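As you go down the protein sequences, you meet chains V and R in turn.
Under the UniProt record's numbering, read the first sequence as residues 1 to 249, first letter to last.
Under the UniProt record's numbering, read the second sequence as residues 1 to 249, first letter to last.
In this text, a Cβ means the ideal position worked out from N, Cα and C, and glycines have one as well.
Just so we're clear, the structure is a prediction, and the values are computed from it rather than from any experiment.
Number of protein chains: 2
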Amino acid sequence: MLSKAVVKYIKSLQLKKYRSQHKAFVVEGAKSVLELLRADFELEYVFMTESFYSQHRESLPEGLAFDVVTEEELVKAGSFASNNAALAVARMPQLPPLRVNASELVIALDDIRDPGNLGTIVRIADWYGIGKIICSETCADLYNPKVIAASMGSFTRVQVHYIDLASWLQQHSGRFRVYGASLAGESIHTLHLKPEGIVVLGNEANGLRQEVAAQVNQLIKIPAFGKAESLNVATAAAIIMDNFRRNPL
Amino acid sequence: MLSKAVVKYIKSLQLKKYRSQHKAFVVEGAKSVLELLRADFELEYVFMTESFYSQHRESLPEGLAFDVVTEEELVKAGSFASNNAALAVARMPQLPPLRVNASELVIALDDIRDPGNLGTIVRIADWYGIGKIICSETCADLYNPKVIAASMGSFTRVQVHYIDLASWLQQHSGRFRVYGASLAGESIHTLHLKPEGIVVLGNEANGLRQEVAAQVNQLIKIPAFGKAESLNVATAAAIIMDNFRRNPL
């Protein structure tokens, strides 16, 4: 059973303030919790339903400490409207310091505030084998439950670093090619894109901030064939990463 | 001012039952309402704030009948948490009968129930110049407020047809190449994709239904470079359409 105090603690972790204070975050749903348990996170709590347990018994790590609870208890503690599987509270891992190799492809996000978009981009990065995302400090928080949910477990494999993006780029842009997504850029269908460097994506409404755009070597755009004026930033990230990866040299 | 009866009517249109009964739907937010007003829809109501009016006065159609209301009234009537711009009620247009040309590229969706995904796919279709989407009857409803919102005005330009997808494909598959997205398909990076035919995307959890998969000539997949097990269906639609359009013959 989930005690009142634990429910209150888990609920508090929906807010960034309490996540930062406790250095902990919540993971919900079958797929995400299974990926969490397979990865190397320190766990505070694991709750699962009887049916989740009997379905996944074989793939649970040996010696895992967990409690069996009801679906109603999971919904009461978590942020999902329904959850017949599992919920866990994990400690935020300590990220290694941000280091980018010259031969690496990295995504940088400037002011991406929508949690669903950030989570989807984490999943896309994981699909395309991109290990690091560099976020401006105004981006959504990785440990927001909506980001974790949209990443579908990929948060366990992709490092998300929060920094002052403009000054980081300024300090390091000599070492990498910096691409910036912009409707005024060159078409990614005609450029020869080598999968190395930093690809910066900006806020859908405002584009790249000026101080970030100033660090870009090459503006790139997704060619349009119809009449939509723009694409969602996660959609754009996916198409651009696919174009970078299609010529793996 | 928005009368109680009108608020009640607009609220009722959040449910498919009442939308079907009244053959009307709601459009909210600056971008979507502006696109609606530019397109050829029959309008029942147009409400806008003073600030929206003064900002867009010049681009409003001549002779447009509308009422000026407050932000609070828009929020009260609509489904958005905030809306300082506009809300309109439009009549559902009568779609022409579904006809696909042999030289046309069309998206077909099998059981895509998430409204945000459907709306995002409508926007992607519009970006890539795809005029028709064929939906199985179990897909989300185009006129669901979340679909309209996610399409960002592209619902005015893309025809979305609801049909019995498996039997339609069975009747017509001799005339077109039918592609099906599947993790077991051939890589879209190595196939030479001519932008013609039907591309069928299935439900993320269950894939293509068997009776739909039976009509597919060519299974295709997005190559993975990392460890994510899947992509969101809207993300997949975007990457696949980009690959079809990059060699425009």
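| Check | Outcome |
| --- | --- |
| Among R:S230, R:T235, R:D111 and R:A224, the one whose alpha carbon lies nearest that of residue 255 of chain R | Residue 255 of chain R falls outside the range modelled here, since chain R spans only 1 to 249, and no answer is possible. |
| Burial state of L249 of chain R, where buried means 16 or more other Cβ atoms lie within 10 Å | Any reading at L249 of chain R needs caution, since the residue's pLDDT is 43, under 50, leaving its predicted position unreliable; the model's value is listed next. Exposed: under 16 other Cβ atoms inside 10 Å. |
| Beta-carbon neighbours of G174 of chain R, restricted to chain V and to distances below 8 Å | Within 8 Å Cβ-Cβ: nothing; G174 of chain R doesn't reach chain V, min ~27 Å. |
| Buried or exposed (CB count within 10 angstroms, at least 16 for buried), N206 of chain V | exposed |
| Sub-8 Å separation of A77 of chain R and K11 of chain R beta-carbons | yes |
| Members of the UniProt domain "MRM3-like substrate binding" (6-76) of chain V near chain R, C-beta cut-off 7 Å | none |
| Where D126 of chain V sits in the DSSP three-state scheme | helix |
| Three-state class that DSSP yields for L249 of chain V in the structure shown | Because the pLDDT at L249 of chain V is just 42, under 50, the model does not fix this residue reliably, and the value given afterwards should be weighed accordingly. Correct three-state label for L249 of chain V: coil. |
| Per-residue burial, P195 of chain V [other beta carbons within 10 Å of its own, 16 or more giving buried] | buried |
| S103 of chain V in three-state terms, based on DSSP | coil |
| CB contact flag (A181 of chain R, T235 of chain V, <8 Å) | no |
| T70 of chain V to N84 of chain V span [Cα, whole Å] | 8 Å |
| Residue-chain proximity (F225 of chain R, chain V), Cβ-Cβ < 8 Å | yes |
| R246 of chain V: contacting residues in chain R (beta-carbon distance under 7 Å) | H189 |
| Validate contact between the region 129-143 of chain R and the region 158-167 of chain R using beta carbons, cut 8 Å, 3 pairs | yes |
| Anticipated Cβ contact below 8 Å, F52 of chain R with D67 of chain R, distance rounded | Not quite, the Cβ-Cβ distance comes to about 12 Å (not below 8 Å), so this is no contact. |
| Where T120 of chain R falls, given that 16 or more other Cβ within 10 Å makes a residue buried | buried |
| Spatial neighbours of V6 of chain R in its chain, beta-carbon cut-off 8 Å, leaving aside the 5 residues before and after | Y45 and A77 |
| Host alpha helix (DSSP H) of S230 of chain R (start-end) | Run containing S230 of chain R: none; DSSP gives neither H nor E here. |
| Option in V:H189, V:L15 and V:F155 with minimal Cα separation from A95 of chain V | One detail in the question is off: residue 95 of chain V reads as Leu in this sequence, not Ala. For L95 of chain V, the nearest C-alpha among the options comes from V:F155. |
| Separation of G174 of chain V from S103 of chain V, as counted between CA atoms | 14 Å |
| Delimiting residues of the alpha helix (DSSP H) encompassing S20 of chain V | K16 to H22 |
| Straight-line gap, M152 of chain R to Q218 of chain V (C-alpha atoms, nearest Å) | 28 Å |
| Within chain V, partners of N206 of chain R - CB distance below 8 Å | The premise fails here: N206 of chain R is roughly 14 Å from chain V at the closest Cβ pair, so nothing lies under 8 Å. |
| Chain-ordered neighbours of Y128 of chain R on chain V, where CB pairs are closer than 7 Å | F225 and G226 |
| Alpha-carbon to alpha-carbon, A224 of chain V and T190 of chain V | 13 Å |
| Contact set for A238 of chain V: own chain, Cβ-Cβ below 7 Å, skip 5 residues either direction | I124 |
| C-alpha distance - A81 of chain V paired with H56 of chain V, whole-angstrom precision | 22 Å |
| Whole-number beta carbon distance between R91 of chain V and K23 of chain V, since they are thought to touch under 8 Å | 6 Å |
| For K194 of chain V, three-class secondary structure by DSSP | coil |
| Residue range of the unbroken alpha helix (DSSP H) whose run includes F52 of chain V | E50 to H56 |
| Closer than 8 Å to chain R by CB, D242 of chain V | yes |
| Buried versus exposed, by CB contacts within 10 Å (16 or more), G29 of chain R | buried |
| Residue-level contact to chain V via CB, I148 of chain R, 8 Å cutoff | no |
| Neighbour list for N232 of chain V in chain R, Cβ cutoff strictly below 9 Å | T120, R123, I124, A150, M152, A234 and A238 |
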